[in-house]
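S.K.:
Numbering (my numbering), first residue to last: 12 to 166.
Laid out in structure tokens, this is it:
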């Protein structure tokens, strides 16, 4: 199936992408911090960005009950300036123990997903591929997203 082929290709590319890892203290829920602090700062920066992974899944079709890590895509300019990105996220760069993972936008189209509660979400197909690549409970969330998207396209 075309979606499966895309997901496999996206997972392969994702595994080769440079990733920046950040840590910050969540005051309560990570999604609330994304909504009230990080998303507004990223919007003001005039960069292209989107959330993916469990957080995006929770915003689009809730399945997972808890998000412990925020996954983001940012444009090449912001990705090349980790100090600025760190400041925008209110976080510090770490080698491990991250609660925020940031990768460069794989395509300019990736930011064309929905805006939910003031948060730019990656394209649903991209979120699906990222969840599937992560495995475990995230892969279950990917299947839930796929079923929901299938229901919407058939309605």
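Even for Gly, the Cβ is constructed at its ideal location relative to N, Cα and C.
Note that the coordinates shown come from a computational prediction; the quantities given were computed from them, not determined experimentally.
DSSP three-state label for residue 131, please.
M.R.: Residue 131: strand per DSSP, three-state reduction.
S.K.: Residue 152 and residue 83 - do their beta-carbons sit closer together than 8 Å?
M.R.: In this structure, residue 152 does not lie closer than 8 Å to residue 83 by Cβ.
S.K.: Shortest alpha-carbon distance to residue 40 belongs to which of 53, 81, 32, 71?
M.R.: It is 81 whose Cα lies nearest to the Cα of residue 40.
S.K.: Looking at C-alpha atoms only, which residue of 128, 143, 32 is the closest neighbour of residue 105?
M.R.: Residue 32 is the option with its Cα nearest to residue 105.
S.K.: If you follow the beta strand (DSSP E) that residue 89 is in, where does it begin and where does it stop?
M.R.: Residue 89 -> not in any beta strand (DSSP E); alpha helix (DSSP H) instead, spanning 87-90.
S.K.: Buried or exposed: where does residue 164 fall if 16 or more other Cβ atoms within 10 Å of its Cβ makes it buried?
M.R.: Confidence is the limiting factor: at residue 164 the pLDDT is only 40, short of 50, which leaves the residue's position unreliable and the question unanswerable from this model.
S.K.: Residues in the same chain with beta-carbon distance under 7 Å from residue 166, minus the five sequence neighbours each way, listed in chain order, please.
M.R.: Confidence at residue 166 is low in this model, with a pLDDT of 40, below 50, so the placement of that residue should be treated as unreliable; the coordinate-derived value is given next. The answer is none, since no qualifying residue turns up.
S.K.: By a C-beta neighbour count over all protein chains shown, 10 Å radius and 16 as the cutoff for buried, is residue 52 buried or exposed?
M.R.: Exposed is the call here.
S.K.: When you compare the CB positions of residue 119 and residue 125, do they come within less than 8 Å of one another, or not?
M.R.: No. Outside cutoff.
S.K.: Using beta-carbon positions only, say whether residue 157 and residue 110 come within less than 8 Å of one another.
M.R.: No, they are not a contact pair.
S.K.: To which residues of the same chain is residue 86 closer than 6 Å at the C-beta, ignoring the five residues directly before and after it?
M.R.: Excluding positions up to five away in sequence, the list reads 58, 59, 116.
S.K.: Classify residue 98 as buried or exposed, calling it buried when 16 or more other Cβ atoms lie within 10 Å of its own Cβ.
M.R.: Exposed.
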